[in-house]
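**Student:** To start, I am sharing the structure in question, which I have written as structure tokens.
This is the structure in structure tokens:
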């Protein structure tokens with residue numbers, strides 16, 4: 042199979058997956074994500090109390106914080122790799 046044929050298959054698969062997305066629909070989705078994401082950030086930040094951290098809490102954060110951040114970063118990298126380098130889907134597609 043030639044490179045041009047593979048490019049055509051990829052282009053056809055992408056058009057089939059994305060369909061005919063209108064720019065207004067995409068802008069509306071981004072708008073909704075911004076509104077609800079901002080509301081979620083405000084809600085979470087309002088639930089955090091403003092108090093002094095004791096020594097045990099600081100020690101726990103120092104001991105377990107790097108491992109938790111590493112786990113979050115690993116999951117994010119794996120999700121990005123799963124999605125594909127060219128903005129591929131997160132769902133498994135049928136083979137060509």
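Residue numbers (the numbering used here): 42 to 137. The beta-carbon is built from N, C-alpha and C at its ideal position, and this holds for glycine as well.
Using the Cα positions of residue 89 and residue 80, report the straight-line distance between them to the nearest angstrom.
**Tutor:** Looking at the two C-alpha atoms, the distance is approximately 15 Å.
**Student:** Taking residue 90 as part of the alpha helix (DSSP H), name the residues at either end of that continuous run.
**Tutor:** Segment: none, residue 90 is in no alpha helix (DSSP H) and carries neither H nor E.
**Student:** Measuring straight from C-alpha to C-alpha, what distance separates residue 38 and residue 53?
**Tutor:** Any property of residue 38 remains undetermined from this structure, which presents the chain solely from 42 to 137.
**Student:** Please report the distance separating the alpha-carbon of residue 71 from that of residue 101.
**Tutor:** 37 Å
**Student:** Which parts of the stretch 61–117 are runs of the alpha helix (DSSP H), unbroken and 4 residues or longer, counting only runs that do not cross its ends?
**Tutor:** DSSP runs (the alpha helix (DSSP H)) wholly in the stretch 61–117: 64–88.
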